[in-house]
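Everything in the first sequence is counted per the UniProt record's numbering, starting at 1 for the first residue and increasing by one.
This report refers to the structure that appears directly beneath it.
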Amino acid sequence: MGRSPCCEKAHTNKGAWTKEEDDRLIAYIRAHGEGCWRSLPKAAGLLRCGKSCRLRWINYLRPDLKRGNFTEEEDELIIKLHSLLGNKWSLIAGRLPGRTDNEIKNYWNTHIRRKLLSRGIDPSTHRPLNDTNSAQINNNNNNQEATTISFASSVKQELDSNNQKEGKRSSGSGVVVEVTEERCPDLNLELTISPPHQEAEDNQALLMKHNGERRSLCFACSLGLQNSKDCSCGIVGSVINGGTSSSSGSGYDFLGLKSAVLDYRSLEMK
DNA sequence: AACGGTTCCAACCGCCCGCTA
DNA sequence: ATAGCGGGCGGTTGGAACCGT
Numbered sequence: 001m002g003r004s005p006c007c008e009k010a011h012t013n014k015g016a017w018t019k020e021e022d023d024r025l026i027a028y029i030r031a032h033g034e035g036c037w038r039s040l041p042k043a044a045g046l047l048r049c050g051k052s053c054r055l056r057w058i059n060y061l062r063p064d065l066k067r068g069n070f071t072e073e074e075d076e077l078i079i080k081l082h083s084l085l086g087n088k089w090s091l092i093a094g095r096l097p098g099r100t101d102n103e104i105k106n107y108w109n110t111h112i113r114r115k116l117l118s119r120g121i122d123p124s125t126h127r128p129l130n131d132t133n134s135a136q137i138n139n140n141n142n143n144q145e146a147t148t149i150s151f152a153s154s155v156k157q158e159l160d161s162n163n164q165k166e167g168k169r170s171s172g173s174g175v176v177v178e179v180t181e182e183r184c185p186d187l188n189l190e191l192t193i194s195p196p197h198q199e200a201e202d203n204q205a206l207l208m209k210h211n212g213e214r215r216s217l218c219f220a221c222s223l224g225l226q227n228s229k230d231c232s233c234g235i236v237g238s239v240i241n242g243g244t245s246s247s248s249g250s251g252y253d254f255l256g257l258k259s260a261v262l263d264y265r266s267l268e269m270k
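Spelled out as structure tokens, the structure:
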């Protein structure tokens, strides 16, 4: 079908934003909130395309943005999430508070790609550059990974089932769960279910129930990497894997799969 | 200081998807 | 069922900043 242009190109500014334009955009959004980007430029007195305003706000002006260098932990998380999700930058950004999809995309292309190449890893497949035995390598996974893979398969079946019921496509913006089975077995699949703050609250409640006291989660656990080597608190994984919520058999209700329809779109935080 | 090559990232572009009439 | 619209996404680009000679 034909499409009208998103804005009147002839009368819009392009290129770098001026301080005055930034101020106008910030003032307008503070007063009226986000949304209706097409009409925003006119209402705010900006000679900009609505899309351009949205990008400027989301990628640069938003007050909750975290500026500055990426930490080593963020690096590793991005690599793990990329191995799971591929170039779904918005989904990856959803797991990194204060980071934007554009920022992560740029960082990936400029730093992490090179970092992985220097490690001898193909950035697109996350496998060794000269790897010809990945299947064999996968067969050597430990028991924990096997459990996770089994669980991932369960999730995938559930998703497929739901998608079939609803007549939905299994690709497109949806997360491809089977990738997890092969590439990133230690990444908590809960990341596909709920927003981070909710997850953190749930984990905290779980800890309090288990220990009878309030304890803080380490950075890795707060990001859903309970099985990661980066986990410094070392308690959530033990609770989840050995306690109230087994990841095998019928015990994966901690993800809400028994009681709720899984919704890929809940990944999208923005 | 001047120059050329490289890196980095803000911004743009075109396409896709969901919603609505 | 279909067309149109608005919003969002991933890929790409242009130019500023940086670096080495």
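Quick reminder that beta carbons are idealized off the backbone N, C-alpha and C, glycines included.
Predicted model, so just to flag it, every value in this text is computed and none were measured.
As the crow flies, the alpha-carbon of residue 48 is around 43 Å from that of residue 127. With contacts defined as CB atoms closer than 8 Å, residue 121 and residue 78 fail to qualify as a contacting pair. The Cβ atoms of residue 90 and residue 75 do not sit closer than 8 Å to each other. Fully contained in the UniProt domain "Myb-like" (62–112) are the following alpha helix (DSSP H) runs of length 4 or more, in chain order: 72–85, 89–94, 101–107. Taking the CA atoms as reference points, residue 42 sits about 46 Å from residue 117.
Here residue 103 is buried, its C-beta having at least 16 other C-beta atoms within 10 Å. The residue among 44, 85, 115 with its C-alpha nearest the C-alpha of residue 24 is 44. Ranked by Cα distance from residue 29, the options 40, 15, 71 are led by 40. Under the three-state reduction of DSSP, residue 128 is assigned to strand. DSSP lists no bridge partner for residue 26.
Just measuring C-alpha positions, the residue of 21, 53, 70, 64 sitting nearest residue 106 is 70. Bridge partners of residue 58 according to DSSP: none are assigned. Counting the other Cβ atoms within 10 Å of the Cβ of residue 98 gives fewer than 16, which makes it exposed. With a cutoff of 8 Å on beta-carbon distance, residue 81 and residue 95 are scored as near each other. Between residue 56 and residue 17 a beta carbon distance of about 6 Å is seen, short of the 8 Å cut, so the two are scored as contacting. Annotated as distal: residue 37 and residue 14, with beta-carbon spacing of 8 Å or more. Under the DSSP assignment, residue 42 falls in the alpha helix (DSSP H) whose first and last residues are 40–44.
Between residue 22 and the set 31, 83, 32, 53, the nearest pair of CA atoms involves 53. Residue burial annotation: residue 31 is exposed, with fewer than 16 other C-beta atoms found within 10 angstroms of its C-beta. Buried is the label assigned to residue 83, since at least 16 other Cβ atoms lie within 10 Å of its Cβ.
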